[in-house]
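Participant:
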Amino acid sequence: MNNQKHKANRMGISILKATLRVFYLIPIDVLYFLSPLLKFVLQHVPSYRKKVIYENLRNSLIYEDDSALRRIQSSYYQHLSEIIIENLKLFSGSKKSSLGFDIVNPEILNKAYDDNQDVIVVSGHLGNWELGFSKAAQHFKHTVCGIYKKQSNQDFDHYLRKLRSKRGLELIKEERFIRTILSEKSTPKIFILIPDQNPRKNKSIRYFNFLNQRTAFSNSLEKIAIKYDLPVLYADIIKLKRGKYQAQLNWIHKGISGEFNITKQYASLLERNILSNPAIWLWSHRRWKH
Numbered sequence: 420m421n422n423q424k425h426k427a428n429r430m431g432i433s434i435l436k437a438t439l440r441v442f443y444l445i446p447i448d449v450l451y452f453l454s455p456l457l458k459f460v461l462q463h464v465p466s467y468r469k470k471v472i473y474e475n476l477r478n479s480l481i482y483e484d485d486s487a488l489r490r491i492q493s494s495y496y497q498h499l500s501e502i503i504i505e506n507l508k509l510f511s512g513s514k515k516s517s518l519g520f521d522i523v524n525p526e527i528l529n530k531a532y533d534d535n536q537d538v539i540v541v542s543g544h545l546g547n548w549e550l551g552f553s554k555a556a557q558h559f560k561h562t563v564c565g566i567y568k569k570q571s572n573q574d575f576d577h578y579l580r581k582l583r584s585k586r587g588l589e590l591i592k593e594e595r596f597i598r599t600i601l602s603e604k605s606t607p608k609i610f611i612l613i614p615d616q617n618p619r620k621n622k623s624i625r626y627f628n629f630l631n632q633r634t635a636f637s638n639s640l641e642k643i644a645i646k647y648d649l650p651v652l653y654a655d656i657i658k659l660k661r662g663k664y665q666a667q668l669n670w671i672h673k674g675i676s677g678e679f680n681i682t683k684q685y686a687s688l689l690e691r692n693i694l695s696n697p698a699i700w701l702w703s704h705r706r707w708k709h
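If you're matching positions, the sequence shown starts at 420 in our numbering and goes up one per residue.
Structure (structure tokens):
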């Protein structure tokens with residue numbers, strides 16, 4: 420069984436590699452012509468998580484009527500189709516792509532860099548987060564590190580890590596996060612995390628009213644920031660147009676003593692970010708399990 424699964428994985432990776440080679444050759448503006456077809460496939464054949472998406476929207480945007488929710492759902496599928504195309508182009512290794520992700524105020528971290536201080540930046544699955552990770556190293560003096568959760572499929576996990584590393588991003592497994600903070604002090608680092616998915620059920624969970632629902636958030640990040648005296652910022656993401664995104668950094672915690680509400684502030688800033696343009700958040704995730 421394991422041998423058959425490995426062969427299937429290798430075949431899947433081979434198909435992905437072939438797709439990336441094709442995407443490398445075609446300009447992104449031409450590839451976008453595939454977007455309506457991909458949207459149709461996702462929405463209707465075989466209806467990718469349609470029920471999950473609609474239920475999440477209905478329970479979160481309680482003041483919207485059914486027609487408004489359907490419009491947002493349709494816009495979400497359009498956005499999802501676009502970022503799939505963008506990420507295939509991104510991972511193809513093309514240097515000529517017009518895809519853009521700007522940080523409007525990267526200088527906010529200059530003092531931390533001068534003080535040789537590590538920093539944590541959190542955000543949500545908004546816009547094109549893969550593109551944001553990829554472009555982050557171009558905007559900051561710090562070494563940029565992406566904290567990621569290892570996928571259950573080892574073959575795809577290895578291949579995706581290889582693709583992401585080529586974009587200048589240093590990847591650190593979730594379980595090595597604290598070890599990296601303690602041991603690697605040669606250059607100051609920015610640790611980028613996207614902790615908006617459903618957390619594992621453990622003692623480090625806090626509940627907040629988030630998008631009109633009782634929602635679990637992991638409190639582990641707050642504990643790490645306080646213990647190791649790390650500043651925390653939120654990256655507020657907007658979509659300017661297709662293939663163009665922008666983020667603004669906002670302080671959550673400046674690494675000084677006082678009252679700590681890092682997790683609560685994160686939830687509040689994330690909610691505000693989502694409500695500013697609901698269609699660009701990852702509604703297909705099963706967020707409310709607890």
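Positions of the beta carbon are idealized from the N, C-alpha and C atoms, including for glycine.
Among R691, L640, Q665, whose alpha-carbon lies nearest the alpha-carbon of V538?
Facilitator: Checked all of R691, L640, Q665; the closest Cα to V538 is L640.
Participant: According to the Cβ coordinates, are F510 and K663 closer than 9 Å?
Facilitator: No, they are not a contact pair.
Participant: Check whether the Cβ atoms of I740 and G551 lie closer than 9 Å to each other.
Facilitator: The displayed coordinates of the chain run from 420 to 709. Any statement about residue 740 would go beyond what the structure contains.
Participant: Rounded to whole angstroms, what's the CA-CA distance from H672 to I591? Just pull it up for me.
Facilitator: So the alpha carbons of these two residues sit roughly 22 Å apart.
Participant: Quick one: Cα of V541 to Cα of R633, how far?
Facilitator: Between V541 and R633, the C-alpha separation is close to 21 Å.
Participant: What residues in its chain sit with their C-beta under 8 Å from that of R440, if we drop five residues either side in the sequence?
Facilitator: S511.
Participant: When the Cα atoms are used, what is the spatial distance from S517 to Y443?
Facilitator: So the alpha carbons of these two residues sit roughly 13 Å apart.
Participant: Classify I434 as helix, strand or coil using the three-state DSSP reduction.
Facilitator: Here I434 sits in helix by DSSP.
Participant: Tell me which residue opens and which closes the beta strand (DSSP E) that G551 is part of.
Facilitator: Element bounds for G551: not the beta strand (DSSP E) but the alpha helix (DSSP H), 548-555.
Participant: Under 7 Å Cβ to Cβ from Y626, same chain only, skipping five residues before and after it: list those, please.
Facilitator: Contacts found: R633, T634, A635.
Participant: Of the choices L579, K530, V651, L668, whose alpha-carbon is the least far from that of K716?
Facilitator: Limits of the chain in this structure are 420 at one end and 709 at the other, which puts residue 716 out of reach.
Participant: Using only the alpha-carbon positions, how far apart do L451 and N524 sit?
Facilitator: Strictly speaking, residue 451 in this sequence is Tyr, with Leu absent from that position. Answer to the nearest angstrom: the Cα atoms are 30 Å apart.
Participant: Out of N669, E483, I491, point me to the one whose CA is closest to P713's CA.
Facilitator: Because residue 713 is not part of the residues shown, which for the chain are 420 to 709, the question remains open.
Participant: Could you tell me which residues DSSP puts in a beta bridge with Y626?
Facilitator: In DSSP, Y626 forms a bridge with A635.
Participant: Only counting the same chain, and skipping five residues up and downstream in sequence, which positions put a Cβ closer than 8 Å to that of H711?
Facilitator: Within the shown structure, residues of the chain are numbered from 420 to 709, placing residue 711 beyond reach of any answer.
Participant: Are E474 and E505 touching if we call contact CB-CB under 9 Å?
Facilitator: It is not a contact, given that the beta carbons lie outside the stated cut-off.
Participant: Have a look at I434 and P607 and give me their C-alpha separation to the nearest angstrom.
Facilitator: Spanning the two alpha carbons is a distance of roughly 39 Å.
Participant: Please classify F559 as buried or exposed, where buried requires at least 16 neighbouring CB atoms within 10 angstroms.
Facilitator: Buried, since its Cβ has 16 or more Cβ neighbours within 10 Å.
Participant: Any beta carbon from chain C within less than 9 Å of Q616's own beta carbon?
Facilitator: Going by chain labels, chain C is absent from the structure shown, which holds only one protein chain.
Participant: Buried or exposed for T438, going by 16 or more other Cβ atoms inside 10 Å?
Facilitator: So T438 counts as exposed.
Participant: In the DSSP assignment, find the unbroken alpha helix (DSSP H) run with T682 in it and report its ends.
Facilitator: Unbroken alpha helix (DSSP H) run through T682: 681-695.
Participant: Cα-Cα, which of L453, D655, Y496 is closest to Y467?
Facilitator: It is Y496 whose Cα lies nearest to the Cα of Y467.
Participant: Take D648 and list the residues in its own chain whose beta-carbon comes closer than 6 Å to its own, dropping the five residues that flank it on each side.
Facilitator: The residues are G674.
Participant: With H, G and I counted as helix, E and B as strand and the rest as coil, what does DSSP make of T606?
Facilitator: Reduced to three states, the DSSP call for T606 is coil.
Participant: If contacts are defined as beta-carbon pairs under 8 Å, then I613 and H704 qualify, I think. What distance do you get, rounded to the angstrom?
Facilitator: Not a contact, Cβ separation roughly 11 Å.
Participant: Measure the CB-CB distance between Q462 and S494 and report whether it falls below 9 Å.
Facilitator: For Q462 and S494, no; Cβs fall outside 9 Å.
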